[in-house]
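In the numbering used here, the protein residues as written are 6 to 107.
Shown next, in the form of structure tokens:
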């Protein structure tokens with residue numbers, strides 16, 4: 006059975022950037038358990054991952070963003086990002102700085 010296009014793009018993205026995503030997976034898991042311990046590494050490495058994900062998201066949806074398929078393109082992008090969030094559940098926290106009130 007053929008895979009959906011967004012799954013193919015996700016697999017290609019991870020395969021082409023295996024080392025980056027493997028490193029980020031470790032940092033992502035550590036950040037989940039203790040956000041203050043490795044926040045700097047999480048944000049710096051996470052920014053590279055987010056840039057890579059956005060690049061592949063643009064490639065996936067670039068032709069559909071114009072015209073009558075713009076709604077479909079938005080849903081496709083959401084499905085792609087949902088796939089990313091399945092593996093990297095903290096990716097939405099990249100770049101978010103949390104201050105603790107004293």
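All residues carry an ideal CB built from backbone N, CA and C; glycine is no exception.
By the Cβ criterion, the region 26 to 38 is in contact with the region 95 to 102, since at least three pairs of Cβ atoms, one from each stretch, lie closer than 8 Å. Cβ contact annotation for residue 85 (same chain, cutoff 7 Å, sequence separation greater than five): 11, 14, 15, 62, 65, in chain order. In this structure, the CA atom of residue 60 is about 19 Å from the CA atom of residue 91. Distance from the CA atom of residue 27 to the CA atom of residue 20, rounded to whole angstroms, is 10 Å.
Taking the Cβ atoms as the reference, residue 32 lies roughly 5 Å from residue 47, within the contact range of under 8 Å. With a 10 Å radius around the Cβ and a threshold of 16 neighbouring Cβ atoms, residue 54 comes out buried. Annotation for residue 22: 57 place their beta carbon closer than 7 Å to its own, counting only its chain and skipping 5 residues before and after. In the same chain as residue 8, and ignoring 5 residues on each side of it, no C-beta atom comes closer than 6 Å to its own.
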